[in-house]
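Engineer: This structure is in structure tokens; I'll ask about it shortly.
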Amino acid sequence: MTDQGEPRELTDPAALRALGHPLRQRILRQLHRDGPATSTSLAQALGENTGATSYHLRQLAEHGFVEEVPERGRGRERWWQARTRDIRFPPRSRMDEEVRAAFDELGRLNVAEDVAAFARFQQQRDSLGEWGDALLFARGALRLTLPQLRQFWEDYMALYKRYASDADPPPDDARRVLLRFVAFPDVE
Numbered sequence: 019m020t021d022q023g024e025p026r027e028l029t030d031p032a033a034l035r036a037l038g039h040p041l042r043q044r045i046l047r048q049l050h051r052d053g054p055a056t057s058t059s060l061a062q063a064l065g066e067n068t069g070a071t072s073y074h075l076r077q078l079a080e081h082g083f084v085e086e087v088p089e090r091g092r093g094r095e096r097w098w099q100a101r102t103r104d105i106r107f108p109p110r111s112r113m114d115e116e117v118r119a120a121f122d123e124l125g126r127l128n129v130a131e132d133v134a135a136f137a138r139f140q141q142q143r144d145s146l147g148e149w150g151d152a153l154l155f156a157r158g159a160l161r162l163t164l165p166q167l168r169q170f171w172e173d174y175m176a177l178y179k180r181y182a183s184d185a186d187p188p189p190d191d192a193r194r195v196l197l198r199f200v201a202f203p204d205v206e
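Residue numbers (my numbering): 19 to 206.
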């Protein structure tokens, strides 16, 4: 499901901690990659027990990161899907100590997973055919004011959203492509 509307600014430390839990991150990646699942199928895919995946799905649902898919369930079986929405974080200068700690842990987990995902791609690249050539990489530096940097970010998000909603369902020859954007001041 893709939520339309305004971005969600995540300021609640409990929601940040919920999002920053390692198993919950794995559950979300699995749901984003493979679509709706039950706690049992997630447990099998992730090598966890059903009690753990069920508990963590409820925690994610409590904070709006996943939702039930009632039309897929039969009896006591519950299906879950990731909610896809534009989540933003307040400027660090507005974060209290608790929010900063949760945000920093979430960032640490995300960067570690990004590095691991890139390593998996590198290891399998030669077996991917034409998709092995699909490493688009650019490095650069711009001189920007803070308002220009914010506008750059908004332009990037608009481009991302344009392609995210372009085709639902995607064509058969489409692959899930990981995109990462990072910008920060040079402090040498």
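All C-beta atoms in this analysis are idealised placements derived from N, C-alpha and C, irrespective of residue type, glycine included.
Just so it is clear, the structure is predicted and the values come from calculations on it, not from any experiment.
Whole angstroms are fine: how far does the CA of residue 76 sit from the CA of residue 195?
Structural biologist: Residue 195 and residue 76: Cα-Cα distance of roughly 28 Å.
Engineer: Of the residues 25, 198, 64, 91, which one's Cα is nearest the Cα of residue 42?
Structural biologist: Ranking 25, 198, 64, 91 by Cα distance to residue 42 puts 64 first.
Engineer: If we ignore side chains and look at the alpha-carbon of each, how far apart do residue 112 and residue 27 end up?
Structural biologist: If you take the alpha carbons of residue 112 and residue 27, they lie about 12 Å apart.
Engineer: Suppose contacts are defined by Cβ-Cβ distances below 7 Å. Is residue 46 in contact with residue 121 by that definition?
Structural biologist: No; because the gap between Cβ atoms is not below 7 Å, this pair is not in contact.
Engineer: Give the C-beta separation of residue 188 and residue 105 to the nearest angstrom, bearing in mind that I take them to be a contact with Cβ-Cβ under 8 Å.
Structural biologist: In fact, because the Cβ distance is near 22 Å, the residues do not count as touching under 8 Å.
Engineer: Would you identify the three-state DSSP class for residue 100, choosing helix, strand or coil?
Structural biologist: Three-state DSSP puts residue 100 in a strand.
Engineer: Whole angstroms are fine: how far does the CA of residue 55 sit from the CA of residue 193?
Structural biologist: One C-alpha to the other measures close to 20 Å.
Engineer: Given a cut-off of 7 Å, decide if residue 174 and residue 155 are closer than it, judged by their beta-carbon atoms.
Structural biologist: Cβ distance not < 7 Å, so residue 155 and residue 174 don't count as in contact.
Engineer: Spell out whether any CB of chain C is found under 7 Å from the CB atom of residue 117.
Structural biologist: Protein chains in the displayed structure number just one, and chain C is not present.
Engineer: Could you tell me the alpha carbon to alpha carbon distance between residue 135 and residue 91, rounded to whole angstroms?
Structural biologist: Spanning the two alpha carbons is a distance of roughly 32 Å.
Engineer: Hey, residue 96 and residue 59 are a contact pair by Cβ (cut 8 Å); roughly how many whole angstroms apart?
Structural biologist: Between residue 59 and residue 96 the Cβ distance is about 11 Å, and since that is not below 8 Å, they are no contact.
Engineer: So, for residue 162: in the same chain, excluding its five sequence neighbours on each side, which residues have a beta-carbon less than 7 Å away from its beta-carbon?
Structural biologist: Excluding sequence neighbours, residue 162 sits near 170.
Engineer: How would you call residue 202, buried or exposed, if buried means at least 16 neighbouring beta carbons within 10 angstroms?
Structural biologist: That one is exposed.
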